[in-house]
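Below you'll find the structure, written out as structure tokens, and then a few comments.
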Amino acid sequence: MVWSLLSWNPFKRHLSEEELINKTSDTMKKYHLKGRVVLVDQHRNINLSIGIGLADFTNQIRNDNPAVVYPSASLQKSMTAAMMVQLINESQGSGQPLSQFTTIETWFPNLIGAETISLGNLLTQTSGIRDSDHEVDLGTTLSEDAAISATITRINKVGLKSKVFNYNNDNFILLAGIIRQITGDSYANNLQKRIIEPLELKHSFMWHAVPDNFIKSRSYEAISNDYQNETAVSDSLVSTIVGAGNMFTTPEDYYQFQIGLVNGKILNTADYGYLAHLESKSVTGYAGGFYFRNRNHVKNVYGSLVDNHFGNWMQMSSDNQKGIILFVNQTSVIKNGSRGDTIKQAGIEILRNL
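Just so you know, the working numbering puts 308 at position 138 of the sequence shown, and the rest follows in order with no gaps.
Quick look at the structure:
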């Protein structure tokens, strides 16, 4: 079913852009969601950006305001993964070439069991890390180095478990630490030079570098009425999850990143294939920040942050020809479900109209 939603059907009666906008607005209203939606169907030259509701209720700033940016949450992990593949490529021909099988004890000699964890394990969330405190707001803003050191301390306290899939921010925080050590530069500078600048992303910033003329979206819940329980992402939270959700961006910029994964600006098609087919990938299909489905024809990812009501979801064909990127700043919960279930259900309904 997922692949059928994203494949081209010449016999389907396709909606006009105006109809798509109206149907999308209706679906968002049905699920009490606010945010911004990007819809892409390159077979029909469709590339729509639709803002629904308010990004900031108090100041009446709309989600269709181009100055509004949103927390990336876990959608940033694929950017960290792409940078790691770049560094693997750059190491070839050196005295110590890297691969998905390279273990990480060189970079983290104080991490107990580091010699059993490969770069591929980190990229596929199969490292054995089981840190339940991997996303906790400590109320203190940390430097990149302090956040990575704190991560190692937490992992050592719990210990490594079996090498099966277990989703954990720590895997990508460690990757961020490796990127820092290999390059001798901060993760923030690497993201700027390796992702943001090559793609000319104008609405993507590290958490501490959002310009004053941009607006960080607030988040809300729909409980009887819209715009309840307002929250904002705290600096102390995002500073702890380096490389795993510590930036702000937009669905439009995130789509440009998808294109950059295959057009040579970030990675090429062979690099992207390498990322999608990592040997440590589990039956979940997770690799490099995405869940790959339907024999790798489809990729999706969901992201959220603790103590907030944001939720981001992407589902797209692997060739980036058709799909949806949905950044939500007001969420609700469907019966017997979760915030993520609501967003994904709405997204699937929107995709059916595309």
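Yeah, the Cβ is synthetic: ideal placement off N, Cα and C, and Gly gets one too.
Using only alpha-carbon positions, find the residue among T454, S288, G283, D489 that is nearest to Q270.
Put simply, of T454, S288, G283, D489 the residue whose alpha carbon is nearest the alpha carbon of Q270 is S288.
Presumed contact (8 Å Cβ cut-off) between N499 and Y201, rounded CB distance
The beta-carbon distance between N499 and Y201, rounded to whole angstroms, is 13 Å. This is too long to meet the 8 Å contact definition.
Compare the Cα-Cα distances from W377 to each of N506, K327, L312 and report the closest residue.
The residue with the shortest Cα to Cα distance from W377 is L312.
For S406, which three-state DSSP category applies?
S406 falls in the helix class under three-state DSSP.
For the putative contact between D340 and T321, defined by C-beta atoms under 8 Å, what is the C-beta separation to the nearest angstrom?
In this structure D340 touches T321 by the C-beta definition: roughly 5 Å separates them, less than 8 Å.
Distance, Cα to Cα, N383 vs S508?
Between the alpha carbons of N383 and S508 lies a gap of roughly 34 Å.
Would you call R350 buried or exposed, if buried means 16 or more other Cβ atoms sit within 10 Å of its Cβ?
Under this definition R350 is a buried residue.
Taking 8 Å as the threshold, find out whether the region 396–413 comes into contact with the region 433–447 through three or more Cβ pairs.
Pairwise C-beta distances place the region 396–413 out of contact with the region 433–447, as fewer than three of them are shorter than 8 Å.
Checking 8 Å against the spacing of the C-beta atoms, do R364 and M254 come in under that value?
Result no, Cβ atoms of R364 and M254 do not sit closer than 8 Å.
Can you list, in chain order, the stretches of the beta strand (DSSP E) that have 3 or more residues and sit fully within the region 441–474?
Counting whole runs of 3 or more residues, the region 441–474 contains the beta strand (DSSP E) stretches 460–463, 468–473.
Would you say the region 297–306 touches the region 321–337, given that touching needs at least three Cβ pairs under 8 Å?
With the cut-off at 8 Å, the region 297–306 and the region 321–337 touch.
Any idea which residues DSSP pairs K204 with across the strands?
When DSSP reads this structure, K204 sits in a beta bridge with Q500.
Expected contact under 8 Å - CB spacing of P421 and R206 to nearest Å:
Yes, they are in contact, since the Cβ atoms of P421 and R206 sit about 6 Å apart, within 8 Å.
Exposed or buried, H479, counting other C-beta atoms within 10 Å across all chains shown (16 or more means buried)?
Classification of H479: buried, given that the 10 Å Cβ count is 16 or more.
Shortest alpha-carbon distance to D315 belongs to which of Y357, T228, H304?
When Y357, T228, H304 are compared, the shortest CA-CA separation from D315 is found for Y357.
For the putative contact between S450 and T294, defined by C-beta atoms under 8 Å, what is the C-beta separation to the nearest angstrom?
Contact between S450 and T294 holds, since their C-beta atoms are separated by about 5 Å, short of 8 Å.
Between T454, G473, Y472, L292, which lies nearest to N466 when the distance is taken from Cα to Cα?
Ranking the options by Cα distance to N466, first place goes to T454.
Runs of alpha helix (DSSP H) lying entirely within the region 357–441, each at least 4 residues, in chain order:
Residue ranges of uninterrupted alpha helix (DSSP H) with 4 or more members, entirely inside the region 357–441 and ordered along the chain, are 357–361, 405–408, 421–430.
Contact check, V412 vs I343 under 8 Å by CB: the rounded distance?
At roughly 5 Å, the Cβ-Cβ gap stays under 8 Å, so V412 and I343 are in contact.
Which residue's Cα is closest to the Cα of I495: N359, W483, K505, S248?
Of the residues N359, W483, K505, S248, the one whose Cα lies closest to the Cα of I495 is W483.
Beta-carbon separation of I504 and T194 under 8 Å?
No, the pair does not count as a contact, with Cβ atoms beyond the cut-off.
Tell me the rounded alpha-carbon separation between I231 and Y472.
Whole-angstrom Cα-Cα distance: 25 Å.
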